[in-house]
Amino acid sequence: MPETPNLIRIKKSLAAHRPVFSREPDKQHASVALILRDGELGPEVLFIRRAEHDDDPWSGDVAFPGGRIEQHDEDPRQAAERETREEIDLDLAQADYLGQIDDIQGAYLPVRISCFVFRLATTPQLNHNYEVVDTFWVPLKVLQDPARNREELFTYRAETRSHPIIDLSGYSERVLWGITYRLIQQFFTLVQAV
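Below, the structure written as structure tokens:
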């Protein structure tokens, strides 16, 4: 599939970006994959909805595929690729690697996240493992719609706080918030919206 002007701008922005890496040894390190494809409304991003487990602090959340970096992973990017393959049976070796955005820190838990951006020319069938209950694509334009962006109260460990969210109605019954929200906002800032 030929590259659209939006995709060309995204690629140029990511190629010029020098990501800021977090080097905090006391924080658990995880990696995720922000995966794009071309859609009818322009570029779309892939999200997963995590399965609900009592011992998972991100239980049921909308997220990018990814997870903890294991000792056998060569580097954070390889970990994101491995986790994506394990969670949704998608081999990112077949995707175009576009670049990396800045690492971020968890707001509640001692975790640092590295995020790698990929583009799929074609969309294979995705098969979930036990960690994932759904996958869905959302146009970047939908995520940027001011009517979908608002504040919502969340309670974590008996503390209630207001957080920015994106309403995903029509794509998921969940909202986008937290780490994944912060990563997508950083992506939008970096590529100056699409």
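Oh and the sequence shown: position 179 is 179 in the numbering used here, straight run, nothing missing. Where a beta carbon is used, it is the ideal one built from N, C-alpha and C, also for glycine.
Starting from residue i, trace the beta strand (DSSP E) in both directions and tell me its first and last residue.
{"i": "T135", "result": "V132 to P139"}
{"i": "Q71", "result": "Q71 -> no beta strand (DSSP E), and no H or E assigned at all."}
{"i": "F47", "result": "G42 to R50"}
{"i": "A93", "result": "Taken as a continuous stretch (DSSP letters only), A93 belongs to no beta strand (DSSP E), as it is neither H nor E."}
{"i": "A30", "result": "Q28 to G39"}
Based on Cα-Cα distance, which residue from the options lies nearest to residue i?
{"i": "F116", "options": "V142, P65 and I166", "result": "P65"}
{"i": "P164", "options": "A158, L183, G170 and R157", "result": "L183"}
{"i": "T155", "options": "R82, D145 and G178", "result": "G178"}
{"i": "Q144", "options": "Q186, I104, R85 and Y130", "result": "Q186"}
{"i": "V175", "options": "G67, V62 and S114", "result": "V62"}
{"i": "D96", "options": "A107, T122 and V142", "result": "T122"}
{"i": "N127", "options": "E86, R161, V111 and S162", "result": "E86"}
{"i": "R23", "options": "V138, L140 and I113", "result": "I113"}
{"i": "T84", "options": "R161, D55 and A30", "result": "A30"}
{"i": "Y181", "options": "N149, S13, L36 and G170", "result": "N149"}
{"i": "T267", "options": "A15, I35, E151 and Q94", "result": "Limits of the chain in this structure are 1 at one end and 194 at the other, which puts residue 267 out of reach."}
{"i": "P146", "options": "I166, A15, W137 and G99", "result": "I166"}
{"i": "L190", "options": "E151, I10 and L153", "result": "I10"}
{"i": "K27", "options": "S169, L140 and Q105", "result": "Q105"}
{"i": "D38", "options": "K12, D73, R157 and P5", "result": "P5"}
Who are residue i's beta bridge partners in DSSP?
{"i": "P164", "result": "E151"}
{"i": "A63", "result": "I48"}
{"i": "V175", "result": "D167"}
{"i": "E159", "result": "Y156"}
Classify residue i: buried if its beta carbon has 16 or more other beta carbons within 10 angstroms, exposed otherwise.
{"i": "E44", "result": "buried"}
{"i": "V20", "result": "exposed"}
{"i": "Y213", "result": "The question about residue 213 has no answer, for the chain in this structure spans 1 to 194."}
{"i": "I8", "result": "exposed"}
{"i": "E107", "result": "A small fix is needed here, since residue 107 is Ala in this sequence, not Glu. Under this definition A107 is an exposed residue."}
{"i": "R68", "result": "exposed"}
{"i": "R119", "result": "buried"}
{"i": "S203", "result": "No answer is possible for residue 203: it lies beyond the span of the chain, which begins at 1 and ends at 194."}
{"i": "D103", "result": "buried"}
{"i": "E40", "result": "exposed"}
{"i": "V111", "result": "buried"}
{"i": "G170", "result": "exposed"}
{"i": "Y140", "result": "A small correction: the amino acid at residue 140 is Leu; Tyr does not occupy that position in the sequence shown. When all chains shown are included, L140 counts as buried."}
In terms of residue numbering, what span does the alpha helix (DSSP H) encompassing residue i cover?
{"i": "V191", "result": "G178 to V191"}
{"i": "S13", "result": "P5 to A16"}
{"i": "A79", "result": "P76 to I88"}
So is the beta-carbon of residue i under 8 Å away from any non-hydrogen atom of the ligand FMN?
{"i": "P19", "result": "Because no ligand of any kind appears in the structure shown, any question about the ligand FMN cannot be addressed here."}
Give the list of continuous beta strand (DSSP E) stretches no shorter than 3 residues that lie fully inside the segment 100-129. 111-119
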